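J.:
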Amino acid sequence: MSRFDPKIIIIGGGIMGVSTAYFLAKRGQRDVFLLERDLLAQASTGLCVGGIRQQFSHPANILLSQETIRQFRYFEKEFHTKIDFHQTGYLFLTKEHSTWETFGECVKIQRRYGVPVEVLSPEEVKHRWPYLEVENLKGGIFGPEDGYVDPYDVTMAIANKTRKMGISISERTEVTDIRLENGRIKGVETSQGFISSKIIVNAAGAWGGEIARMAGIDLPVQPYRRQVFITKAFDAIPRPVPMIIDQDTQFYIRGYAPGILMGMTDLDEPPSFHTHVDRGFMERVTAAALERVPVLEQAEILRGWGGLYAMTPDENPIIGEITGIIGFFCATGFSGHGFQHGPAVGRILSELILDGTTSFNLSPFSYDRFKKCKKTTELITV
Ligand SMILES: Cc1cc2nc3c(=O)[nH]c(=O)nc-3n(C[C@H](O)[C@H](O)[C@H](O)COP(=O)(O)OP(=O)(O)OC[C@H]3O[C@@H](n4cnc5c(N)ncnc54)[C@H](O)[C@@H]3O)c2cc1C
């Protein structure tokens, strides 16, 4: 199908694949082919909530978010596209003593990395956001620089510029197999034919495990459905509405156009590729909503949708070249923070591919960490 044998094939046209292609092009590597089986940004990236926060416990995640926020500051200049980066903040709430203590530990780490984060009493939470029910709360932590953007706009702006820089982006092209030779990447079989290449980037999100299996690699990445609902226009909650997360129930809301967006993690749901909306779950989300934001009783659900998280056992991604196969790079398993980390990871991955090294310490995200975990966890073997 191709006029040339691309040096680098990227599988997946979400934020991760598109951003990696862009940074490769920016470094002058134009011999890149991005393959997307559907249209760009239609899977998790286009279905996500677009949230960006620096409030993580792991320094590596904080650093990735900080880099993305820096990129967003000059995004308009670089991509000639206006993105509405709403820095309306992220507010985490809990009524559990142990979670409150964990919040305190996280705040110490975050402040060490220069993250502005406020620790608020229930009264302070109530004062700022009077529509929240704060009874029994231990308090909240608020990151005023955090916020959200439209994930589709961001991804398409990057993709459009990447195309103009000469990178081939091929939609409706499915990778069906990976060919190896003596432990090295040889190329990919696709719905349009074979493409030879020595380097593949697996940026297939929740399908990252399937792609890895084509190369004989067991990548611990599982798909989990996550559902989101939006209300009709609702002005009983004054704007701006930050991203508010009830850590105990995993329920969250934020402003969404004239309505309110809400979602929740169903911790009982098994892994699957299902993305349909489940009415029963919607009722659980609204019940959690009424508990924390009683005024939402007056709101009417407009619609909902489902997308996929790509989960690893420790909810951190796998980034880098996979030991045992020369030329097989992965950037997958980002659970609920892959959109915000995509712009930074694209830059890091491009360095790793082109220079063989990167200034970012990727060891917390290495594929090999799972092997090490197994060794330390298992104490008795027969
Ligand atoms: C409801 C919801 C809310 C979320 N909220 C946030 C948030 O607020 N902030 C945040 O940072 N993250 C959030 N996330 C997570 C975020 O969406 C993902 O981590 C991120 O979009 C992953 O990007 P990606 O490019 O790795 O994957 P994707 O966007 O899923 O892209 C992978 C692409 O690979 C393609 N593909 C798969 N198999 C093949 C194949 N064989 N051949 C060719 N192409 C293939 C797919 O079609 C897909 O387009 C949310 C996710 C969901 C579902």
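Using the working numbering, you'd call the opening residue of the sequence shown number 8 and step up by one each time.
We put the CB at the ideal spot given by N, CA and C, even for glycine.
Just so you know, these numbers come straight off a predicted model, no measurement behind them.
Mapping DSSP to helix, strand and coil, what is Met250?
T.: It is a strand residue.
J.: When the Cα atoms are used, what is the spatial distance from Gly287 to Ser342?
T.: About 23 Å.
J.: In chain order, which continuous runs of the beta strand (DSSP E) of length 3 or greater are located wholly inside the stretch 33-109?
T.: Runs of the beta strand (DSSP E) inside the stretch 33-109: 39-42, 97-101.
J.: Does ligand 1 have a heavy atom nearer than 8 Å to the CB of Gly216?
T.: No, ligand 1 has no heavy atom inside 8 Å of this Cβ.
J.: Roughly how far, in whole angstroms, is the beta-carbon of Ala306 from the beta-carbon of Met271, given that I think they are within contact range, below 8 Å?
T.: The Cβ separation is near 15 Å, so there is no contact.
J.: So Val161 and Ile90 are supposed to be a Cβ contact under 8 Å. How far apart are they, rounded?
T.: Right, the Cβ-Cβ distance comes to about 6 Å (below 8 Å), so this counts as a contact.
J.: Within the present structure, is the beta-carbon of Leu50 separated from the nearest heavy atom of ligand 1 by less than 8 Å?
T.: The question names Leu, but residue 50 in the sequence shown is Ala. True, at least one ligand heavy atom lies under 8 Å from that Cβ.
J.: Between the Cα of Gly35 and the Cα atoms of Phe367, Ile360, Ser370, which residue gives the shortest distance?
T.: Gly35 has its Cα closest to that of Ile360, out of Phe367, Ile360, Ser370.
J.: Buried or exposed, going by whether 16 or more other CB atoms sit within 10 Å of the CB of Thr27?
T.: Buried, since its Cβ has 16 or more Cβ neighbours within 10 Å.
J.: Classify Phe280: buried if its beta carbon has 16 or more other beta carbons within 10 angstroms, exposed otherwise.
T.: When all chains shown are included, Phe280 counts as exposed.
J.: Mark Arg60 as exposed unless 16 or more other C-beta atoms lie within 10 angstroms of its C-beta, in which case mark it buried.
T.: The residue in question, Arg60, is buried, as its Cβ has 16 or more Cβ neighbours within 10 Å.
J.: List the endpoints of the continuous alpha helix (DSSP H) containing Phe367.
T.: No alpha helix (DSSP H) contains Phe367, which DSSP labels as neither H nor E.
J.: So, with DSSP's three-state summary, where would you put Glu328?
T.: In the structure shown, Glu328 sits in a strand (DSSP, three-state: E or B).
J.: How many angstroms separate the CA atom of Gly194 from the CA atom of Phe79?
T.: Each residue's alpha carbon lies about 34 Å from the other.
J.: Is any heavy atom of ligand 1 found at a distance shorter than 8 Å from the C-beta of Val56?
T.: It does: the Cβ of Val56 is within 8 Å (strictly closer) of some heavy atom of ligand 1.
J.: If you run the structure through DSSP and keep just helix, strand and coil, what is Arg179?
T.: Coil, per DSSP.
J.: Who are the near neighbours of Gly266 in its chain, counting only those whose CB is closer than 8 Å to its CB and skipping five residues on each side?
T.: Once the five neighbours on either side are set aside, the close Cβ partners of Gly266 are Ile237, Thr238, Lys239, Ala240, Phe241, Ala306, Leu309.
J.: Beta carbon of Ser342: closer than 8 Å to some heavy atom of ligand 3?
T.: Looking at this structure, you won't find ligand 3 anywhere; what it does contain is ligand 1.
J.: DSSP state of Asp184, grouped into three classes?
T.: Here Asp184 sits in strand by DSSP.
J.: Which whole-angstrom value describes the C-beta separation of Gly150 and Val124, a residue pair presumed to lie in contact below a C-beta threshold of 8 Å?
T.: The pair is a contact, with the Cβ atoms about 5 Å apart (cut-off 8 Å).
J.: Say whether the stretch 171-180 touches the stretch 327-347, bearing in mind that this needs 3 or more beta-carbon pairs closer than 8 Å, one atom from each stretch.
T.: The answer is no - the stretch 327-347 does not touch the stretch 171-180, with fewer than three Cβ pairs under 8 Å.
J.: Can you tell me where the alpha helix (DSSP H) holding Glu410 begins and where it ends?
T.: Missing from the structure shown is residue 410; the chain here goes from 8 to 389 and no further.
J.: I think Phe346 touches Pro66, with their Cβ atoms under 8 Å apart; what is that distance to the nearest whole Å?
T.: Going by Cβ atoms, the distance from Phe346 to Pro66 rounds to 20 Å, so no, they are not a contact pair.
J.: Can you list, in chain order, the stretches of the alpha helix (DSSP H) that have 4 or more residues and sit fully within the stretch 189-244?
T.: The qualifying runs are 215-221.
J.: If you draw a straight line from the alpha carbon of Ile15 to that of Thr88, how long is it in whole angstroms?
T.: Whole-angstrom Cα-Cα distance: 27 Å.
J.: Taking DSSP as the reference, what is the three-state secondary structure of Phe335?
T.: Looking at Phe335 - three-state DSSP - the assignment turns out to be strand.
J.: Between Asp45 and ligand 1, is there a pair consisting of the residue's CB and a ligand heavy atom that are separated by less than 8 Å?
T.: Result yes, Cβ under 8 Å from ligand 1.
J.: Helix or strand or just coil, what does DSSP make of Phe372?
T.: Helix, per DSSP.
J.: May I have the straight-line CA-CA distance separating Tyr29 from Glu74, to the nearest angstrom?
T.: Tyr29 and Glu74: Cα-Cα distance of roughly 16 Å.
J.: Using only CA atoms, which one of Pro371, Gly327, Leu42 lies nearest to Asp362?
T.: Asp362 has its Cα closest to that of Gly327, out of Pro371, Gly327, Leu42.
J.: Identify which residue in Glu358, Thr282, Ile202 has its Cα closest to the Cα of Arg233.
T.: Nearest option by C-alpha distance: Thr282.
J.: Pull up the distance between the alpha-carbon of Gln62 and that of Ile69, whole angstroms please.
T.: In a straight line, the C-alpha of Gln62 is about 7 Å away from that of Ile69.
J.: Ala222 and Ile202: beta carbons closer than 9 Å?
T.: The answer is no: Cβ separation not under 9 Å.
J.: Taking only heavy atoms of ligand 1 into account, decide whether any of them is closer than 8 Å to the Cβ of Glu322.
T.: Incorrect: Glu322 has no Cβ contact closer than 8 Å to ligand 1.
J.: Please determine, among Phe377, Asp38, Lys379, the residue with the shortest C-alpha to C-alpha distance to Ile453.
T.: No answer is possible for residue 453: it lies beyond the span of the chain, which begins at 8 and ends at 389.
J.: Counting only beta-carbon separations shorter than 9 Å, does Leu268 have a partner in chain B?
T.: Within the model displayed, chain B is absent; a lone protein chain is all it includes.
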